[in-house]
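S.K.: One line per chain: the protein sequences are A and B, in this order.
Each residue of the first sequence is one higher than the one before, starting from 15 at the first, in our numbering.
Each residue of the second sequence is one higher than the one before, starting from -13 at the first, in our numbering.
Even for Gly, the Cβ is constructed at its ideal location relative to N, Cα and C.
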Amino acid sequence: LAKTTQPISMDSYEGQEVNITCSHNNIATNDYITWYQQFPSQGPRFIIQGYKTKVTNEVASLFIPADRKSSTLSLPRVSLSDTAVYYCLVGYGGSQGNLIFGKGTKLSVKP
Amino acid sequence: EPEVTQTPSHQVTQMGQEVILRCVPISNHLYFYWYRQILGQKVEFLVSFYNNEISEKSEIFDDQFSVERPDGSNFTLKIRSTKLEDSAMYFCASSVDFTRDRGIGWDQPQHFGDGTRLSIL
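#1: Tell me which residue opens and which closes the beta strand (DSSP E) that A:Leu121 is part of.
#2: Helix, strand or coil for A:Ser75? Go by DSSP, reduced to three states.
#3: Give the range of the beta strand (DSSP E) segment to which B:Tyr76 is assigned.
#4: When we look at the beta-carbon of B:Leu107 and count the other beta-carbons within 10 Å, is it buried (16 or more) or exposed?
#5: Where do the ends of the beta strand (DSSP E) carrying B:Glu42 lie?
#6: Thinking B:Ile65 and B:Val5 are a contact (beta carbons under 8 angstroms), I'd like their distance in whole angstroms, please.
#7: Looking at chain B, is there any beta carbon in it that lies within less than 7 angstroms of the beta carbon of A:Lys83?
#8: Assuming B:His97 contacts B:Ile12 (C-beta within less than 8 angstroms), just tell me the rounded distance between them.
#9: May I have the straight-line CA-CA distance separating A:Cys36 from A:Leu113, to the nearest angstrom?
#10: What are the uninterrupted segments assigned as beta strand (DSSP E) that are 3 or more residues long and contained completely in the segment 30 to 116 of chain A, given in chain order?
#11: For a cutoff of 7 angstroms on Cβ pairs, would you count B:Asp100 as touching chain A?
#12: Chain A partners of B:Phe77, CB-CB under 8 angstroms?
#13: So, using beta-carbon positions, are A:Thr119 and A:Gln20 closer together than 7 angstroms?
#14: Whole angstroms is fine: what's the gap from B:Phe31's alpha carbon to A:Gly57's?
#15: Less than 7 angstroms between CB atoms is the rule here; does B:Val82 satisfy it with respect to chain A?
#16: Let me make sure I understand the geometry here. Which of A:Asp25, A:Phe60, A:Ser84 and A:Ser26 has the alpha-carbon closest to that of A:Ala74?
#17: For B:Arg86, does the count of other Cβ atoms within 10 angstroms reach 16, so buried, or fall short, so exposed?
Right, dumping it as structure tokens:
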């Protein structure tokens, strides 16, 4: 199971772009990289998933370099409502895909 | 957008009592999960369920716990003889399937409910 390392916390201001980088040096060939968002007292919400290069959806972009040893979640023009904990997950802990969460990055967006 | 729903949102129980937490996964999903999150700590995997049987379970999921899919829509977590340390948020999740035939690990995201806060007194 690939171990991930991400900053414990980040601060930003409304309207800025936020980039959260996750390191996963021992990622396996078959591993996907997935990001979840969690608000207080709510379940994690899927944001984006990728395998290589760049993936973009309506809320975020995910940049994955060729060596796949890291990935960067990019949130364009954040708002106060983006204040949450963001989790980077790589691979899976068991044969049926149970997710192993780390401590995540607590993003605080200020006005 | 389809959602995973969990009931109740908050359950208060005396230590030693049995509790049943209920979940309605997204209707076309095949895999079901339970996770828990103790206040201030990370989300922890408990158990996964597929084709009416447990697929995988963590060390946390001991004989005190059981899961069941009693009908075509509900997925339950039962905790027998609750302990104080069982106090936590319990999240149910579901997913469509895994792309196993390509030899690639999971690429189907799990969809989580908003949890049941279990308080053991």
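M.R.: So, from the data block:
#1: The continuous beta strand (DSSP E) containing A:Leu121 extends over residues Thr119 to Lys124.
#2: strand
#3: Ala74 to Ser81
#4: exposed
#5: Glu39 to Lys43
#6: 5 angstroms
#7: Answer no: the Cβ-Cβ gap between A:Lys83 and chain B never drops below 7 angstroms.
#8: Going by Cβ atoms, the distance from B:His97 to B:Ile12 rounds to 6 angstroms, so yes, they are a contact pair.
#9: 16 angstroms
#10: 32 to 37, 47 to 52, 59 to 64, 67 to 70, 75 to 78, 84 to 89 and 98 to 104
#11: yes
#12: Gly57 and Pro58
#13: yes
#14: 13 angstroms
#15: no
#16: A:Phe60
#17: Residue confidence for B:Arg86 is low, a pLDDT of 49 falling below 50, so the modelled location carries little weight and cannot support an answer.
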